[in-house]
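Numbering (my numbering), first residue to last: 84 to 605.
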């Protein structure tokens with residue numbers, strides 16, 4: 084069959100374009116050979132299951148060990164270990180019914196396996212794995228997926244049983260190597276199974292983990308290699324600008340990389356392989372994926388509503404410091420485990436340009452919907468691009484009339500001004516332009532580049548408390564220099580409710596380093 088770019092479930096090398104999965108985690112086979120336990124964590128739809136299934140195939144192909152893969156995703160709804168451990172054992176048993184080596188063991192009613200199911204919850208998993216290791220006749224490697232979905236007592240009991248089996252494995256058969264895999268790293272998993280600061284005591288399973296791997300995103304070279312497989316199979320070329328655009332929008336996130344290519348090949352070009360994929364196609368594909376709200380995008384949107392996510396994302400939008408939040412804070416790490424944000428030189432930023440777009444557009448989508456009726460799209464569009472002075476004057480009027488109602492409507496209260504401005508610009512440019520959003524923790528601003536009619540307009544959003552006069556102007560002048568522009572706009576939101584609007588609303592021009600700064604008071 085003809086291969087394709089996969090955007091649903093794990094990849095199969097016989098069906099899908101894909102890269103060698105284990106290459107993204109160098110050194111993993113060494114841990115297996117050393118009979119060590121390890122963890123792997125990565126965001127949703129980043130290739131964890133594909134990696135685990137490839138690892139199982141590679142281990143089994145060597146003939147030196149036997150590898151098994153289990154997922155405990157279906158057990159997430161069972162926090163009580165009396166139910167949860169039973170479900171885990173039953174799931175493992177069910178998965179092995181047709182296994183060539185273990186099938187008879189789990190099917191035979193006279194074997195010990197079926198009798199495990201009514202066992203006390205602190206024995207079921209350990210005894211089941213012991214019997215599998217005894218039957219294997221070779222070192223047994225077991226990979227558990229979606230472990231971070233286990234909750235409360237089930238999570239604690241499951242991990243304790245793995246530790247107990249590890250400690251006694253020199254005398255009692257037990258898997259030689261075990262991987263626990265999920266979205267969270269070991270530190271966050273540890274915090275999750277310690278509700279209300281209760282300790283796991285000396286039986287904490289985490290001291291048997293030799294290494295916690297992070298499954299990295301694709302590099303630019305790997306994206307090029309992946310897309311080249313399609314070119315080799317069909318002759319359809321991805322132009323160099325398209326490759327760069329795909330990397331810029333996706334940041335190498337595996338699902339996004341595949342989704343952009345799939346949209347271009349199947350929807351935009353309708354399998355017409357004689358037509359090259361262009362940068363404009365990637366832009367169109369990006370827009371379609373966001374508007375369609377595919378599962379991957381929808382999942383990110385849902386996460387943005389979580390209080391612990393809002394606690395970190397809101398300062399990133401504002402460009403402010405985290406205040407009492409430290410880099411060791413669970414929430415700080417959690418947004419990175421989700422893949423939503425990443426740390427670059429000690430600064431949190433959106434993990435890729437597409438996620439920055441999703442954050443800005445999702446959080447302001449209700450405002451955009453309301454604006455469809457109240458804000459016309461065309462008055463500020465001219466043959467030469469956008470009438471930015473007219474557009475900014477219109478926004479001043481809109482903000483003066485609607486700011487109080489908007490503030491009550493937004494979950495991200497502190498970021499309301501920034502989100503409303505983004506909604507306003509999105510409404511004006513929809514269908515004919517783009518907004519590039521640059522957010523960074525501690526930067527004291529939100530940078531927007533509005534692209535419309537072949538022109539670019541730089542907008543640097545400030546709050547009065549973050550405005551630093553000449554230094555702020557030079558900050559925008561640097562952004563203008565980066566974009567090759569000579570003028571930019573600096574909206575400054577003043578949150579002082581005691582100040583009359585006639586003092587807040589103003590416009591003035593400043594000149595810094597040969598750049599014109601249009602200052603817009605709000």
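Cβ coordinates follow ideal geometry from the N, Cα and C atoms, glycine included. Just so we're clear, the structure is a prediction, and the values are computed from it rather than from any experiment.
By the DSSP assignment, the beta strand (DSSP E) with residue 263 in it spans what residues?
It spans 260–265 - the beta strand (DSSP E) in which residue 263 sits, taken as one unbroken run.
Between residue 382 and residue 343, what straight-line distance do the alpha-carbon atoms span, to the nearest angstrom?
Our two residues, residue 382 and residue 343, have alpha carbons roughly 17 Å apart in a direct line.
I'd like the ranges of any beta strand (DSSP E) spanning at least 3 consecutive residues and lying wholly in the segment 412–436.
Under the rule that a run must span 3 or more residues, the beta strand (DSSP E) segments found entirely inside the segment 412–436 read 424–427 and 430–433.
Do residue 87 and residue 168 come within 8 Å of each other at the CB atom, strictly closer than that value?
Against a cut-off of 8 Å, the Cβ pair of residue 87 and residue 168 comes out as no contact.
Measuring CB to CB, does residue 305 end up less than 8 Å from residue 362?
Not a contact, by the Cβ cut-off of 8 Å.
The alpha helix (DSSP H) spanning residue 241 covers which residue range?
Note, residue 241: alpha helix (DSSP H), 235–250.
Going by C-alpha to C-alpha distance, which of 120, 131 and 137 sits closest to residue 95?
Closest in C-alpha terms to residue 95, from the list 120, 131 and 137, comes 137.
Give the range of the alpha helix (DSSP H) segment to which residue 83 is assigned.
Look at the range of the chain in this structure, 84 to 605, and you will see that residue 83 is not part of it.
What's the C-alpha gap between residue 401 and residue 541?
Distance from the CA atom of residue 401 to the CA atom of residue 541, rounded to whole angstroms, is 17 Å.
For residue 85 and residue 369, I'd like the C-alpha separation in whole angstroms.
For residue 85 and residue 369, the distance between alpha carbons rounds to 24 Å.
So residue 500 packs on residue 605, CB below 8 Å; how close in whole Å?
Contact holds; Cβ gap of about 7 Å.
Under a three-way DSSP split, which group does residue 565 fall into?
In the structure shown, residue 565 sits in a helix (DSSP, three-state: H, G or I).
Check each candidate in 191, 385, 372 and 474 and name the one with the smallest Cα separation from residue 462.
The residue with the shortest Cα to Cα distance from residue 462 is 474.
Note the first and the last residue of the continuous alpha helix (DSSP H) segment covering residue 323.
Residue 323 -> alpha helix (DSSP H) spans 323–333.
Where residue 576 falls, given that 16 or more other Cβ within 10 Å makes a residue buried
Answer is buried; the Cβ neighbour count reaches 16.
Look at residue 260 and residue 152 and say whether their C-beta atoms are less than 8 Å apart.
Between residue 260 and residue 152, the C-beta spacing is not below 8 Å.
Restricting to Cα atoms, I'd like to know which of 405, 387 and 423 is closest to residue 447.
Of the listed residues, the one whose Cα sits closest to residue 447 is 387.
My understanding is that residue 595 touches residue 560, with C-beta atoms under 8 Å, so please give their C-beta distance in whole angstroms.
Contact holds; Cβ gap of about 5 Å.
Can you tell me which residues form a DSSP beta bridge with residue 573?
Residue 573 is bridged to 602.
Among 527, 580, 537 and 534, nearest to residue 556 - alpha-carbon criterion:
The residue with the shortest Cα to Cα distance from residue 556 is 527.
Let me know if residue 89 comes out buried or exposed under the rule of 16 or more other beta-carbons within 10 Å of its beta-carbon.
The residue in question, residue 89, is buried, as its Cβ has 16 or more Cβ neighbours within 10 Å.
Within the continuous alpha helix (DSSP H) that includes residue 346, where are the two ends?
Note, residue 346: premise wrong, no alpha helix (DSSP H); not H, not E.
Determine whether the beta carbon atoms of residue 134 and residue 294 lie at a separation below 8 Å.
No. Outside cutoff.
Where does the unbroken beta strand (DSSP E) through residue 41 begin, and where does it stop?
Nothing can be reported for residue 41, as the shown portion of the chain is limited to 84 through 605.
Decide yes or no for the touch test of the segment 427–440 against the segment 496–511: beta carbon pairs closer than 8 Å, at least 3 of them.
They do not touch, by the three-pair rule.
Taking residue 348 as the reference, give the member of 335, 337, 360 and 339 with the closest Cα.
With respect to the C-alpha of residue 348, the residue from 335, 337, 360 and 339 having the closest C-alpha is 360.
Can you look up residue 589 in the DSSP assignment and give me helix, strand or coil?
DSSP places residue 589 in strand when its eight states are reduced to three.
Closer than 8 Å by C-beta to residue 213: which residues in its own chain qualify, once you throw out the five before and the five after it? Chain order, please.
Cβ within range, chain order: 248, 255, 256 and 257.
For residue 91, which option in 301, 116, 524 and 132 has the closest C-alpha, if you only look at C-alpha atoms?
It is 132.
Nearest residue (CA-CA) to residue 590, options 223, 145, 563 and 471:
Closest option to residue 590, Cα to Cα, is 471.
Whose CA, out of 421, 533, 244 and 372, lies closest to the CA of residue 393?
Comparing Cα-Cα distances from residue 393 to each of 421, 533, 244 and 372, the minimum goes to 421.
My guess is that residue 228 and residue 154 are in contact by the Cβ rule of under 8 Å, so how many angstroms apart are they, rounded?
Yes, residue 228 and residue 154 are in contact; Cβ-Cβ is about 4 Å, under 8 Å.
Decide yes or no for the touch test of the segment 434–445 against the segment 513–526: beta carbon pairs closer than 8 Å, at least 3 of them.
Yes, the segment 434–445 is in contact with the segment 513–526.
Our contact map puts residue 512 next to residue 533 with C-beta atoms below 8 Å; I'd like the distance itself, whole angstroms only.
The pair is a contact, with the Cβ atoms about 6 Å apart (cut-off 8 Å).
Could you have a look at residue 538 and say whether DSSP puts it in helix, strand or coil?
DSSP places residue 538 in strand when its eight states are reduced to three.
Please confirm whether residue 184 and residue 218 have their CB atoms less than 8 Å apart.
Yes. Within cutoff.
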